[in-house]
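Numbering (mature numbering (1 follows the signal peptide of the UniProt record, and there is no 0)), first residue to last: -26 to -1, 1 to 329.
For each residue, glycine too, the CB sits at the ideal point set by N, CA and C.
No experiment lies behind these values; they were computed from the predicted model shown.
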Amino acid sequence: MVNRLPGRLAAACLVPLLALALPCRAQVDLTNLDRDMAGPRAQVAVLGTVHLREMPDSFDPASLDKLIDKLAAFKPGIVTIENENGEECDLAARHAAKYGADYCPSVEAARKATGLDAAAAMREANRLLKTWPAQPTPAQRRHLAALFLASYDRASAYVQWLQLPASERRAGDGLDAALVEQLGKLAVRKDETIMIAARLAARLGLARVHAVDNHTGDLIEVPDIKAFVRSIEAAWASGGATFEEFKKREKALGVAPDLVPLYRAINDPQALRALAEANIVPSMRAQSKEGYPQIWVGGWEIRNLRMVANIRETFREQPGARVLTIVGASHKPWFDSWLGQLQGVDIVDVQGVLE
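In structure tokens form, the structure reads like this:
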């Protein structure tokens, strides 16, 4: 891959590139500029996950208990999830012609209950979080949960809900009956952002989780979307035989009463390499007059880059933070690689966390 390099650095690469037809690599290594860093380095663990919605009907949330025990032992101060954040959802809602009216779940019920639109709810939630007490009252938790619901942040609302005593999980302080019903339904929703991330954050006493997904850069605009999809599927079908063997093993592990072995398997470097190669290699090799498979790869990279930037933003003001990011396993190789290039950041071997 040819790196896009600015100014004189790009010019310096031009002659050898033309003469030798060789790719030009970055000539300045930025990865060790933090070698004399003062203070602690951030510790970032990336947990690749299955999407729980795809688990069989027999799935029991209790099978995640030991996994959550191990993640809690890592003691992250920040937990990120693969959901779109409120700012992105608000942007999409204001540009429905581009992103679609259903880009994010509706917050209309929460807007009615709180009297706040998404932008106002986000501002108020952020204001409260700046001085959030160590021991919030039930009324404070209910109020913040309502603000999160109005901010497209259901997972963080559920974090607050879980930290309420059972007797205090009721309407009031911005939560009406409709919102209480929403929160109750989340308890049985097969979703790793709820059943892993929110449960973990509540157990650790965190105020919220951080949504870091982003689809603004992989909204592919092509003349024939059906042909685009067919082209991508054909490319994927041409490769990935090794990956299919890993998938068979994961399927067997997915019905166990303890899912820690499953998570060890999907975070195994060999499985992750097979997954990355199955996604990218056949797409880059595929012959397409329109270049559709390569266009898809471009969107995939943009999405991952923006997600990594969003993760970095969560601990920008916290050098030395301990961060756990929970994301679909297909993203993990990109996260590990790009997060590991950031200054003052160490990537934690998540296999060690899962031991």
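| Item | Value |
| --- | --- |
| For His184, the residue or residues it bridges with in DSSP | Thr54 |
| Of the residues Thr88, Trp210, Asp76 and Leu7, the one placed nearest Gly318, counting alpha carbons only | Leu7 |
| Nearest residue (CA-CA) to Thr167, options Gly326, Thr54, Val271 and Tyr126 | Thr54 |
| Nearest to Leu4 (by Cα), restricted to the options Trp135, Gly314, Gln325 and Arg15 | Gly314 |
| C-alpha distance - Arg116 paired with Glu82, whole-angstrom precision | 18 Å |
| Candidates Ala303, Leu21 and Leu157, of which the one nearest Phe220 by Cα | Ala303 |
| Residues near Pro235 in its chain [Cβ-Cβ closer than 6 Å; skip 5 each side] | Leu227 |
| DSSP-derived helix/strand/coil call for Arg290 | coil |
| Anticipated Cβ contact below 8 Å, Arg204 with Gln325, distance rounded | Between Gln325 and Arg204 the Cβ distance is about 37 Å, and since that is not below 8 Å, they are no contact. |
| Element boundaries [alpha helix (DSSP H), containing Arg204] | Ile199 to Ala211 |
| Check whether Leu149 and Leu45 have beta carbons under 8 Å apart | no |
| Residues that DSSP places opposite Leu21 in a beta bridge | Ile300 |
| Whether Leu160 touches Tyr126 by CB criterion (8 Å) | no |
| Among Tyr77, Phe202, Ala171 and Asn100, the one whose alpha carbon lies nearest that of Leu38 | Ala171 |
| Segment limits, beta strand (DSSP E) that includes Asp39 | Segment Asp39 to Phe48 is the alpha helix (DSSP H) holding Asp39; no beta strand (DSSP E) there. |
| Distance CB(Ala95)-CB(Leu121) smaller than 8 Å | yes |
| Outcome for Ala12 when other beta-carbon atoms lying within 10 angstroms are tallied against a minimum of 16 | exposed |
| Reduced DSSP category for Ala95 - H, G, I as helix; E, B as strand; rest coil | helix |
| Buried/exposed call for Asp34, threshold 16 Cβ in 10 Å | exposed |
| Local conformation of Val271 per DSSP, three classes | helix |
| CA-to-CA distance, Glu195 to Gly213, given in whole angstroms | 25 Å |
| Pair within 8 Å by beta-carbon distance, Met281 and Val186 | yes |
| Leu41 vs Leu233 beta-carbon contact at 8 Å | yes |
| For Val319, three-class secondary structure by DSSP | strand |
| Sequence-distant residues of the same chain with beta carbon closer than 6 Å to Leu138, five excluded per side | Pro112 and Arg115 |
| Opposing strand residues paired with Leu149 [DSSP bridges] | Gly146 |
| Beta-carbon contacts of residue 339 that lie in its chain and below 6 Å, excluding the five residues immediately before and after | Lying before the first or after the last residue shown, residue 339 is absent from the chain, which here runs from -26 to 329. |
| Supposed close pair Asn284, Asn59 - CB separation, criterion 8 Å | 7 Å |
| Selection from His305, Glu329 and Glu98 that minimises the alpha carbon distance to Val23 | A quick correction: the sequence has Thr, not Val, at residue 23. Taking only the C-alpha atoms, the option nearest Thr23 is His305. |
| Rounded C-alpha distance that separates Asp310 from Arg101 | 32 Å |
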